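Remarks on the structure that follows.
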Amino acid sequence: MRTRRALEKLRLLIDYSSNKVDQKILNRAKDYYKDAIYFISKRRYYDAIAAIDYAYGLLEGALLQQNIDTSNFY
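Its first residue numbered 802, the sequence shown is counted upward by one per residue in this note's numbering.
Put into structure tokens, the structure is as follows:
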């Protein structure tokens with residue numbers, strides 16, 4: 802299932818970002834990750850993908866500001 806694969810990729814990006822981005826951004830991304838898990842459990846897959854995308858965008862933006870390549874997370 803694509804949603805679960807996207808969630809796993811997000812988990813890897815969160816782990817990778819844990820000591821590289823501001824804690825507030827990391828915490829917000831983790832909250833979106835938890836939201837995605839909830840949405841998946843309710844079979845609300847579009848909402849889950851939206852939460853995953855928001856989290857991914859936050860982390861990717863923070864990493865790119867520091868010139869850290871994120872291309873290996875696609």
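Built from N, CA and C at the ideal position, the CB exists for glycine as well. Here the structure is a predicted model, which is why all the values come from computation and not from measurement.
- request: Evaluate Ile841 with the Cβ neighbour count: other Cβ atoms within 10 Å of its Cβ, from every protein chain shown; 16 or more gives buried, anything less gives exposed.
  value: As a first step, residue 841 must be located in the sequence shown, where it is residue number 40. Under this definition Ile841 is a buried residue.
- prompt: When you compare each of Gly858, Gly862, Lys835 and Leu859 to Ala849 by their alpha carbons, which one comes out closest?
  reply: Looking up residue 849 in the sequence shown gives position 48. Measuring from the Cα of Ala849, the nearest candidate turns out to be Lys835.
field: Unbroken alpha helix (DSSP H) run spanning Asn828, endpoints
entry: Sequence index remark: in the sequence shown, residue 828 carries index 27 (1-based). Run containing Asn828: Gln824 to Ser842, per the alpha helix (DSSP H) assignment.
query: So, are the CB atoms of Ser818 and Leu827 less than 8 Å apart?
result: The residue labelled residue 818 in the question sits at position 17 within the sequence shown. The residue labelled residue 827 in the question sits at position 26 within the sequence shown. Yes; because the gap between Cβ atoms is below 8 Å, this pair is in contact.
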